[in-house]
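These notes are about the structure you will find just below.
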Amino acid sequence: MECSFSEFSYGYAAIREAESELAQVYRSRGAPILPSLVAEEQLGWDAQIPFVEYALFLQFKRAQYVSRRHPASPTWPHVGGPHYRFAIDTDGHQHRALLYLEQRLRTGVEIGEVFYAAPKFHEDRQFDACYSTGEVLDRSSLVSPSEFRGDSGVHHFVTDLNGNSQILSTPRAPQRRVSWEGLVAMAQEHAVAATEGRPRRRMSVGVLEEELMVSAEMLGRGSDRAIDVPPIRRIQRLAALLDCGLVLLLRSPE
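Note that this note's numbering has the sequence shown beginning at 254, numbered continuously upward.
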């Protein structure tokens, strides 16, 4: 079942919300940039929301709602319940352009984030409620283009009604779970650290693992996150993939 609202309406609501919330953290650098259809094909993104020393790039997707009325859906057997899905053609120029942009952002050539964004609601009344309460992005899937790295062809990103996500056709969980609330909180933390002229908060085990996974992906040495393995052991494996030694000194709480 297709969304009852247009991709344009969803994109407008997402831009409005992102600009409003991030403007409380960063100083605006100008109006949001929405390229023409011709330019979008080359750039890969639908919207750029620019701030001083930061930019958010979004490619909007119109999600489909798969209910019990659609048991013949190719994604239904993998989820076994109602879910939202959107498709990505990893062989397309648009996706390759987003991958290139993400690499530039992660290596510090530019500062910002890039995501596919799709609603986890499909009815007008749900959209109206999220718009009225400022929860459009909170109720959206935000997915990094690199989540589809190594997959050739058309693949689906699916999210069930409990918020569990998979990348199909070969089922696997996304390596990075992104929420709008988490992104805004991280931006606020970095802004406070920069304003006060103090170093950022001590890196956590989770953040360290995430950074190592990004480095491994960029070198073509990526590895799936084995959630049944203790985090410290996963970090040691990632360090080995990167051919580097790693010593972790764990301190007991004071």
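Ideal Cβ placement from N, Cα and C applies to all residues, glycine included.
CA-to-CA distance, residue j to residue i, given in whole angstroms
i	j	result
T328	A292	32 Å
E366	P303	11 Å
G297	H348	6 Å
Q277	P484	34 Å
S505	K373	Because the pLDDT of S505 is 49, which lies under 50, any placement of that residue in the model is unreliable, and the number read from its coordinates should be weighed accordingly. The alpha-carbon atoms of S505 and K373 are separated by roughly 41 Å.
A371	L395	7 Å
A382	Q419	26 Å
M254	E294	26 Å
T360	H323	42 Å
G333	F261	30 Å
A325	T343	24 Å
L495	Y307	29 Å
R453	R321	Caution is warranted here: a pLDDT of 47 is assigned to R453, below 50, making its placement in the model unreliable, and no coordinate value can be reported.
A316	I341	11 Å
Sub-9 Å separation of residue i and residue j beta-carbons
i	j	result
L311	A271	yes
S397	Y369	yes
H375	Y318	yes
L390	W433	yes
P264	A300	The sequence shown places Gly at residue 264, rather than the Pro named in the question. In contact: G264 and A300 (Cβ atoms closer than 9 Å).
S273	G387	yes
H331	T412	no
Inter-residue CB distance, residue i and residue j (contact presumed, cutoff 8 Å)
i	j	result
F380	F258	5 Å
E363	S399	Contact flag wrong, Cβ pair sits at about 16 Å.
A440	L275	7 Å
Paired residues, beta bridge with residue i - DSSP
i	result
F313	A370
S418	T412
S393	P372
A340	H409
S432	In DSSP, S432 forms no bridge with anything.
R425	I420
Practice task
State whether the stretch 312 to 321 contacts the stretch 419 to 428, with contact taken as three or more CB pairs (one from each stretch) at a distance under 8 Å.
Solution key: Too few Cβ pairs lie closer than 8 Å, so no.
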